[in-house]
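Residues 1 to 678, numbered by full-length UniProt numbering, are exactly what the sequence shown covers, in order.
Backbone N, C-alpha and C fix where the C-beta goes; we use that ideal spot for every residue, glycine too.
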Amino acid sequence: MNTNSSRGGLMFAQEKLGARASGFIASQTGLSRRALTFRKELQCFRSGSCLRRVYIRVRGYTYSALSASGSWSLVGNLGARTSPCEPASLALGDLSSRQPYSSDGAYLLSVLQANLDRDGRTSAPQPSTVDAASVSITTGEAVLFDEPNTKAASYEDALVLYRETGDAERLLEDLCALRAASTSIENTQLNSVMMACIQRKRPEIAIRIFHEMEQLVSGGPSLECFTTLIVAHSRLKQADKAVRILADLHERCRTPGVSRDLSEKLFRPSLRTYNAVMNACIAAGDVDKAHEVFGEMVDIYKIAPNEVSYNILLKSHARRGRVEAMQLVLDQMREAGCEPTLVTYTTLLKGYVNAGELRKAEELLNDILYKKRMRPDGHLFNCLLEGYVRLNDWRKALKLADVMRQHGLMPDSYTNTLLVKVCVLVGRIDLAEKIVERIGRPLPVQIYSMMISGYGASGRLWSALRLAKEMRSDGISENIRTVSAQMSACLQAREPALALSVFLRVMREDPSFTPDQVVYTLLIRANGLRADAENAYRVFSLLKTKQRVLTTDVYNALIEAAMLGGRADIALLALDELIHQGLSLNSQTFQDLTCVCLSNRDEQYTFLLQVWDRLQLLGAPIDGRVYVRLLEVAITTGDLVLAETLLRDRWAGRFVMDGATAQEARPLEADLAVSRAI
Numbered sequence: 001m002n003t004n005s006s007r008g009g010l011m012f013a014q015e016k017l018g019a020r021a022s023g024f025i026a027s028q029t030g031l032s033r034r035a036l037t038f039r040k041e042l043q044c045f046r047s048g049s050c051l052r053r054v055y056i057r058v059r060g061y062t063y064s065a066l067s068a069s070g071s072w073s074l075v076g077n078l079g080a081r082t083s084p085c086e087p088a089s090l091a092l093g094d095l096s097s098r099q100p101y102s103s104d105g106a107y108l109l110s111v112l113q114a115n116l117d118r119d120g121r122t123s124a125p126q127p128s129t130v131d132a133a134s135v136s137i138t139t140g141e142a143v144l145f146d147e148p149n150t151k152a153a154s155y156e157d158a159l160v161l162y163r164e165t166g167d168a169e170r171l172l173e174d175l176c177a178l179r180a181a182s183t184s185i186e187n188t189q190l191n192s193v194m195m196a197c198i199q200r201k202r203p204e205i206a207i208r209i210f211h212e213m214e215q216l217v218s219g220g221p222s223l224e225c226f227t228t229l230i231v232a233h234s235r236l237k238q239a240d241k242a243v244r245i246l247a248d249l250h251e252r253c254r255t256p257g258v259s260r261d262l263s264e265k266l267f268r269p270s271l272r273t274y275n276a277v278m279n280a281c282i283a284a285g286d287v288d289k290a291h292e293v294f295g296e297m298v299d300i301y302k303i304a305p306n307e308v309s310y311n312i313l314l315k316s317h318a319r320r321g322r323v324e325a326m327q328l329v330l331d332q333m334r335e336a337g338c339e340p341t342l343v344t345y346t347t348l349l350k351g352y353v354n355a356g357e358l359r360k361a362e363e364l365l366n367d368i369l370y371k372k373r374m375r376p377d378g379h380l381f382n383c384l385l386e387g388y389v390r391l392n393d394w395r396k397a398l399k400l401a402d403v404m405r406q407h408g409l410m411p412d413s414y415t416n417t418l419l420v421k422v423c424v425l426v427g428r429i430d431l432a433e434k435i436v437e438r439i440g441r442p443l444p445v446q447i448y449s450m451m452i453s454g455y456g457a458s459g460r461l462w463s464a465l466r467l468a469k470e471m472r473s474d475g476i477s478e479n480i481r482t483v484s485a486q487m488s489a490c491l492q493a494r495e496p497a498l499a500l501s502v503f504l505r506v507m508r509e510d511p512s513f514t515p516d517q518v519v520y521t522l523l524i525r526a527n528g529l530r531a532d533a534e535n536a537y538r539v540f541s542l543l544k545t546k547q548r549v550l551t552t553d554v555y556n557a558l559i560e561a562a563m564l565g566g567r568a569d570i571a572l573l574a575l576d577e578l579i580h581q582g583l584s585l586n587s588q589t590f591q592d593l594t595c596v597c598l599s600n601r602d603e604q605y606t607f608l609l610q611v612w613d614r615l616q617l618l619g620a621p622i623d624g625r626v627y628v629r630l631l632e633v634a635i636t637t638g639d640l641v642l643a644e645t646l647l648r649d650r651w652a653g654r655f656v657m658d659g660a661t662a663q664e665a666r667p668l669e670a671d672l673a674v675s676r677a678i
């Protein structure tokens with residue numbers, strides 16, 4: 001095949017109508033995918049019907065050669081593109097059934113041939129002449145067949161398809177077929193497939209592929225493959241397995257029968273390997289082990305750490321806000337001659353935020369921007385922004401966003417989410433709306449849920465429901481957060497029927513939707529607001545069949561529903577189970593237990609006595625609201641013995657009294673003193 005054709009950008013085949021048929025290939029050797037982008041596309045099938053279709057598969061692409069009205073055209077299969085940024089259609093020329101063939105079997109191919117320079121730009125179309133004798137369809141170059149091929153022809157094919165589709169099941173099927181055919185795999189191919197899985201956030205698939213394919217690697221997996229395996233375990237926070245692989249590599253260096261120099265060259269852990277192991281330890285929360293591995297690398301194997309090594313150690317302390325330890329690592333880094341990078345300073349800033357040292361974080365940011373003159377990225381600003389959100393400091397958060405823009409950085413999706421969050425938390429829904437207007441539609445689903453919650457908290461139920469409807473119109477599917485936000489907004493507006501209708505609509509439109517404890521809790525509350533304690537208990541019973549461990553909030557919702565429905569028995573049942581499960585009673589529990597919702601004072605008195613008996617068995621301090629309600633009922637019913645017992649327990653410290661409950665108790669205690677005097 002001549003030089004011009006070897007630089008061509010497309011491989012294709014043509015079958016001539018009649019007895020004689022032949023194929024041809026324009027080589028793809030050494031050419032990037034950009035070669036498939038042509039300055040001009042020719043029209044396929046202007047008229048006539050398709051007489052024959054031939055499929056050609058090359059490195060993950062599937063092409064169709066189509067015959068109509070005596071001419072052939074080549075088009076691309078859009079589902080087989082290697083990248084979403086590839087052109088949406090591919091077309092090469094009208095191939096005349098007469099012009100390509102001459103009497104001696106050679107033919108002239110007149111097509112648009114892309115001549116690319118190193119920047120990927122196309123020059124003017126040039127004709128290419130190919131000798132028929134040099135054309136063949138061989139394994140590994142292209143496959144000609146009459147029907148679409150659904151199996152990967154090589155490991156490279158499988159990798160290209162996985163990068164395009166992210167279909168892990170298809171990848172495993174292709175690799176299984178290649179393994180069944182005993183197709184050997186190179187270390188570079190195995191490593192590339194594993195890294196693709198990790199980049200797709202499927203590290204468990206990478207680990208599985210390594211163990212299934214390692215027997216097919218000539219000479220066994222390389223150090224790079226083992227290092228990538230460690231990275232996969234790091235993503236799964238499996239530090240013990242990462243450390244075990246490191247020990248296995250050292251053992252391979254001492255394999256009997258193999259020269260030490262060769263084994264050291266093949267399997268001695270590299271700096272990247274040690275960094276991967278340390279990162280796995282940090283991900284699993286084992287800081288001591290990470291430092292132990294670092295010490296082994298430096299002291300025993302004399303491997304000099306780089307800035308990545310120190311950044312990993314710095315990250316371990318930053319997560320816990322250990323400012324002094326971070327400074328120590330930074331000093332060691334400089335002593336070793338490693339210059340701190342932007343990643344280093346970002347990690348340091350994150351540590352200051354986690355330690356609550358926002359002033360130091362601000363000083364560091366100013367130092368980076370105006371003294372060190374480093375080019376910041378969005379992650380640096382987002383770290384400080386997270387600190388402002390924790391403190392609900394919306395003014396500094398919005399000011400920081402302005403600083404980002406001044407340095408040429410537009411707020412990304414995460415930045416906008418944080419800005420909306422802090423505005424919603426402080427009740428500035430008006431500012432949140434302005435941020436949303438600047439973002440444009442469709443919004444990230446997190447912002448939809450936060451805005452719906454914000455509207456609900458500000459009493460704007462219909463704005464919340466309207467935004468939810470717009471979200472669905474934007475093509476965003478409902479999830480747990482958006483559904484719970486809508487239901488909460490309805491309950492805050494005292495519209496339980498609307499909350500139930502939201503739930504029923506979602507279940508009807510999406511049968512795969514699975515409610516979590518939060519949604520079930522909202523269902524219990526909705527039934528409670530309708531004074532339907534029986535249905536609330538049914539929802540509670542259904543939840544228990546689905547999840548073994550329930551939160552205190554679930555029991556609180558049932559107690560509230562029971563009290564609103566006048567079912568003291570259900571409230572006591574919920575309290576008994578709450579205590580039996582060993583869960584802590586919180587402020588909401590006592591508020592629900594002491595709300596005055598029962599039909600008469602005698603029933604309220606009996607119920608509070610039963611609650612009092614149960615709480616005394618716990619032996620823990622009791623909320624002061626129980627004291628106030630019991631004292632009020634005891635005085636009203638004339639049970640002075642109980643009233644004096646309560647008063648003694650109060651001064652003995654059995655009740656937790658805040659300012660509000662103490663003030664509420666004073667007139668009752670004064671009434672008790674008058675009753676005792678009489």
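Sheet register partners of residue i (DSSP bridge)
| i | result |
| --- | --- |
| VAL656 | ASP623 |
| VAL217 | ILE185 |
Alpha-carbon to alpha-carbon, residue j and residue i
| i | j | result |
| --- | --- | --- |
| ALA80 | THR165 | Here the model assigns ALA80 a pLDDT of 39, short of 50, so the residue's position is not dependable and the matter cannot be decided. |
| ILE579 | VAL554 | 13 Å |
| ASP331 | ALA557 | 53 Å |
| THR183 | ALA177 | 9 Å |
| TYR627 | GLY427 | 34 Å |
| ARG648 | VAL518 | 40 Å |
| CYS383 | LEU349 | 7 Å |
| ALA88 | SER477 | Any reading at ALA88 needs caution, since the residue's pLDDT is 27, under 50, leaving its predicted position unreliable; the model's value is listed next. Going from the Cα of ALA88 to the Cα of SER477 covers about 27 Å. |
| ARG666 | ALA660 | 10 Å |
| LEU498 | THR521 | 15 Å |
| GLY219 | ILE185 | 11 Å |
| LYS237 | ASN187 | 25 Å |
| PRO221 | ARG208 | 14 Å |
| ALA361 | ARG373 | 17 Å |
| THR606 | SER584 | 24 Å |
| ALA290 | ILE312 | 9 Å |
| VAL422 | VAL389 | 5 Å |
| SER309 | ASN275 | 6 Å |
| TYR162 | ILE480 | 30 Å |
| VAL329 | LEU314 | 6 Å |
| LEU409 | ARG202 | 31 Å |
| LYS371 | ARG438 | 32 Å |
| ARG629 | PHE540 | 27 Å |
| ALA168 | TYR155 | 14 Å |
| ARG252 | PHE267 | 7 Å |
First through last residue of the alpha helix (DSSP H) which encompasses residue i
| i | result |
| --- | --- |
| TYR352 | 342-354 |
| ARG252 | 239-252 |
| MET451 | 445-457 |
| LEU578 | 568-580 |
| GLU424 | The sequence as given places Val at residue 424; Glu does not occur at that position. Per DSSP, VAL424 belongs to the alpha helix (DSSP H) from 413-425. |
| CYS281 | 271-283 |
| HIS317 | 307-318 |
| GLU437 | 429-439 |
| ARG648 | 640-651 |
| residue 682 | With the chain represented from 1 up to 678, any question about residue 682 goes unanswered, as that position is not in the structure. |
| residue 692 | No information on residue 692 is available, as it lies outside the stretch 1 to 678 that the chain covers here. |
| ALA536 | 533-546 |
| residue 692 | What is shown of the chain runs 1 to 678, which leaves residue 692 out entirely. |
| CYS595 | Looking at the DSSP string, CYS595 is not in any alpha helix (DSSP H), and its letter there is neither H nor E. |
8 Å contact criterion, which residue i and residue j should meet: CB distance rounded
| i | j | result |
| --- | --- | --- |
| VAL436 | ILE447 | 7 Å |
| VAL633 | ARG601 | 6 Å |
| THR552 | THR589 | 7 Å |
| ALA464 | ALA432 | About 13 Å separates the two Cβ atoms, so there is no contact after all. |
| GLY475 | PRO496 | Not really, about 30 Å apart at Cβ, beyond 8 Å. |
| GLY565 | ASP592 | Not confirmed; about 12 Å, so no contact. |
Hey, is the segment 534-553 in contact with the segment 498-509, meaning 3+ C-beta pairs nearer than 8 Å? no
Touching by the beta-carbon criterion (3+ pairs, under 8 Å), the segment 300-307 and the segment 279-289: no
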